[in-house]
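One structure is given below, encoded as structure tokens.
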Amino acid sequence: MDIVDCILADHNRQRTLFAALDEARDDPVALGKIFNHLKTFLEAHAEAEERHFYPTLLKKGDGALDSDSAEETTEDAIDDHNKIAEAAEEAVRHPPGSDAWWAAVDKCNYHNSEHMSEEERQGLTDFRRTVPLQERTRLAIQYLAFEAKHAGSYQRQEKDPDDYIEKNQAA
């Protein structure tokens, strides 16, 4: 298993958890528990990518498909992570199942779905094409260890995409 496989598995889990919210629509207690789990998962997933995927993409990527560069792909991803987190934070300000809660959850789902689509089409494709399998496997171990450590609770800090790129290209 390499880091690309790990990210794709996480994306599948995210889709499943958003679908579970739809299925639990009439159970506010379940909605709150599922969403809190999803929110933590999204935040830990984003941070794991930002620590173990995007720095290598910045150094080795060329851009893939409809992305002109690894920098463009990364900038979009960090911005997307921020939008996803903002929508999730808005959701926790409202009672689970309320109209305001659903509006925020739907916004979170929208931003997350857009992000996953771009990432799968651009970043993961670029990574498979430019990063050797042995390095992708090494990164997978670090990625999984980070997520395991933060599975119960994690609060990602918002990042400025330009600062992130500058810092990680210089490293």
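In this text, residue positions in the sequence shown follow our numbering: the first is 240, and each later residue adds one.
Note that CB positions come from ideal geometry on N, CA and C, so glycine has one too.
Less than 9 Å between the beta carbons of residue i and residue j, yes or no?
i: Lys299; j: Val370; result: yes
i: Glu386; j: His250; result: no
i: Gln253; j: Asn351; result: yes
i: His291; j: Leu378; result: yes
i: Gln361; j: Gly302; result: yes
Ignore the nearest five residues each way along the sequence and tell me which others in residue i's own chain have a CB closer than 7 Å to its CB.
i: His333; result: Ala339, Trp340 and Ala343
i: Ala330; result: Phe274, Trp340, Ala343, Val344 and Cys347
i: Asp307; result: none
i: Ala327; result: Lys278, Leu281 and Cys347
i: Val243; result: Leu363, Phe366, Arg367 and Arg375
i: Ala287; result: Tyr382, Phe385 and Glu386
Can you list, in chain order, the residues of its chain with a C-beta nearer than 8 Å to that of residue i? Leave out the 5 residues immediately preceding and following it.
i: Lys398; result: Glu289, Ile317, His320 and Asn321
Nearest to residue i by CA position, among the options, is which residue?
i: Val337; options: Arg367, Val268, Asp301 and His276; result: The identity of residue 337 in the sequence shown is Ser, whereas the question assumes Val. Comparing Cα positions, the closest option is Val268.
i: Tyr403; options: His389, Asp305 and Ala309; result: Ala309
i: Ile246; options: Ala259, Ile380 and Glu262; result: Ile380
i: Ile323; options: Tyr349, Ala303, Gly302 and Asp301; result: Tyr349
i: Leu297; options: Glu286, Glu311, Gly391 and Asp305; result: Glu311
i: Glu357; options: Met240, Asp305 and Pro335; result: Asp305
i: Leu260; options: Ala248, Ala390, Ser392 and Pro335; result: Pro335
For residue i, which residues of its own chain have a beta-carbon under 6 Å away from its beta-carbon, when the five flanking residues on both sides are left out?
i: Tyr293; result: Thr313
i: Met355; result: His250
i: Glu400; result: Reading the sequence as shown, one finds Pro at residue 400 and not Glu. Only Glu314, Ile317 and Asp318 meet the Cβ criterion.
i: Phe257; result: Asn348
Task: Ranges of the beta strand (DSSP E) found wholly within the segment 280 to 353, counting only runs of at least 3 - done: none
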